[in-house]
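Working notes, structure below.
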Amino acid sequence: MDRLVIGENLFIRLCPGTSKGLGVFAARKLSKGLRILTDQVILAHESREDMSVSIRDDFTNVSPDVQVLLTRLFAGPLDVVPLMAPGLVKDRATVDPTRLERLVRYNSIEAAGTGCILALLSSMFNHSCKPAAWIYWNEALGAMTNEASTREDIYEAMGWLRELANTIEAEGLLGLELASVLGEQAQLFGRLGDEQGRKDKMRKSLQARLLCLGPDHPSCRSLAEELSS
Numbered sequence: 065m066d067r068l069v070i071g072e073n074l075f076i077r078l079c080p081g082t083s084k085g086l087g088v089f090a091a092r093k094l095s096k097g098l099r100i101l102t103d104q105v106i107l108a109h110e111s112r113e114d115m116s117v118s119i120r121d122d123f124t125n126v127s128p129d130v131q132v133l134l135t136r137l138f139a140g141p142l143d144v145v146p147l148m149a150p151g152l153v154k155d156r157a158t159v160d161p162t163r164l165e166r167l168v169r170y171n172s173i174e175a176a177g178t179g180c181i182l183a184l185l186s187s188m189f190n191h192s193c194k195p196a197a198w199i200y201w202n203e204a205l206g207a208m209t210n211e212a213s214t215r216e217d218i219y220e221a222m223g224w225l226r227e228l229a230n231t232i233e234a235e236g237l238l239g240l241e242l243a244s245v246l247g248e249q250a251q252l253f254g255r256l257g258d259e260q261g262r263k264d265k266m267r268k269s270l271q272a273r274l275l276c277l278g279p280d281h282p283s284c285r286s287l288a289e290e291l292s293s
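Start counting at 1 in the sequence shown, then tack on 64, and there's your number in our numbering.
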């Protein structure tokens, strides 16, 4: 079997090129604004760095069933735990603190502003791809939602964000509000495959954050690392 169907909207299969692992794809043509899935948030912190620092304590505070699911997430291309024989050695390696930190690194989802979450299904997506989907926090549901987007949606959103950024700059509000809008613009450029545009907006977002938060803030460090990678 070359694919695993999940409900009527999704299926999982190997991405083109075996090095990319599994990917999630639309099982049918998606209409505008279609919700693909709803996902419960397991962990939430201000930044990926904060989550990495707290993951050891957080892991012990979730239920055993959730612990098992978390440890089955992707922990990097050099992770040998899935290949180990069952036993005490594997059990210890599975929950080793450095492995838990790698789970955060590869599976946590950072917002354009501040905030970082770990949600089981959403975190299984291959985030190195440029999926045509939006990940939102849905306050009414108390859950993360993944929804389809079209290229027209992206261009429309870019227009609104450009207008919002111009208004913020005209009012002299050169702080976190502008940084957040620039971060959203960077994500949109990424979805369009424009890497130069994405990094340009990321640099401007970082500059605005540095003015407000300073170079030692986790979100500034995270952005700087992503720009240098």
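For every residue, glycine included, the Cβ atom is placed at its ideal position computed from N, Cα and C.
All of these numbers come straight from a predicted model, not from anything done at the bench.
C-alpha gap between residue i and residue j, whole angstroms
| i | j | result |
| --- | --- | --- |
| L246 | A229 | 7 Å |
| F138 | E235 | 44 Å |
| P128 | Y219 | 44 Å |
| R273 | E216 | 30 Å |
| G183 | A108 | Checking the displayed sequence, the identity of residue 183 turns out to be Ala instead of Gly. Going by the C-alpha atoms only, they are around 9 Å apart. |
| V153 | S286 | 33 Å |
| H281 | S293 | 19 Å |
| W224 | V130 | 39 Å |
| A250 | G140 | 25 Å |
| M266 | G254 | 11 Å |
| E227 | L252 | 15 Å |
| A204 | C180 | 19 Å |
| P279 | S269 | 13 Å |
| I106 | V126 | 8 Å |
| A122 | I199 | The question names Ala, yet the displayed sequence has Asp at residue 122. Straight-line Cα distance between these residues: approximately 23 Å. |
| P150 | E241 | 50 Å |
| V132 | D155 | 11 Å |
| T124 | L147 | 24 Å |
Where the beta strand (DSSP E) through residue i begins and ends
| i | result |
| --- | --- |
| A108 | V105 to H109 |
Spatially closest choice to residue i from the options, by CA coordinates
| i | options | result |
| --- | --- | --- |
| D264 | E290, D114, E203 and L277 | E290 |
| D114 | S172, V145, F138 and M148 | S172 |
| A243 | V145, C276 and G261 | C276 |
| Y170 | R136, C284, A157 and I232 | R136 |
| V145 | L133, T158, G151 and L134 | T158 |
| T102 | G239, E259, L185 and A221 | L185 |
| L134 | Q104, M148 and E259 | Q104 |
| R262 | R120, L147 and M222 | M222 |
| L283 | E174, V126 and D121 | The residue you asked about is not Leu; residue 283 is Ser in the sequence shown. For the residues E174, V126 and D121, the minimum Cα distance to S283 belongs to E174. |
Same chain, Cβ closer than 7 Å to residue i, five either side skipped, listed in chain order
| i | result |
| --- | --- |
| W201 | M208 |
| R120 | P161 and L164 |
| S118 | H109 |
| A288 | L270 |
Start-to-end residues for the alpha helix (DSSP H) that takes in residue i
| i | result |
| --- | --- |
| G247 | L240 to R255 |
| G206 | Segment: none, G206 is in no alpha helix (DSSP H) and carries neither H nor E. |
| P279 | No alpha helix (DSSP H) contains P279, which DSSP labels as neither H nor E. |
| D258 | First-last for D258: undefined, no H or E at that position. |
| L228 | R215 to A234 |
Cβ neighbours of residue i in the same chain (closer than 6 Å, five flanking residues each side left out)
| i | result |
| --- | --- |
| C193 | In this prediction, C193 has a pLDDT of 49, which is less than 50 and means its spatial position is unreliable; nothing more can be read from the coordinates. |
| S116 | E165 and V168 |
| G206 | none |
Cutoff 8 Å; reference residue i; Cβ partners in own chain excluding five residues on either side
| i | result |
| --- | --- |
| L238 | I232, A272 and L275 |
| D143 | R163 and R166 |
| R112 | V168, R169, S172, E174, C180, P282 and S286 |
| S187 | L137, N171, S172 and I173 |
Any non-hydrogen atom of the ligand MG within 7 Å of residue i CB
| i | result |
| --- | --- |
| D258 | Absent from the structure shown: the ligand MG. Ligands present: none. |
- Query: Which whole runs of the alpha helix (DSSP H) in the region 125–193 are 4 residues long or more, in chain order?
  - Reply: 128–135, 152–158, 161–171 and 184–187
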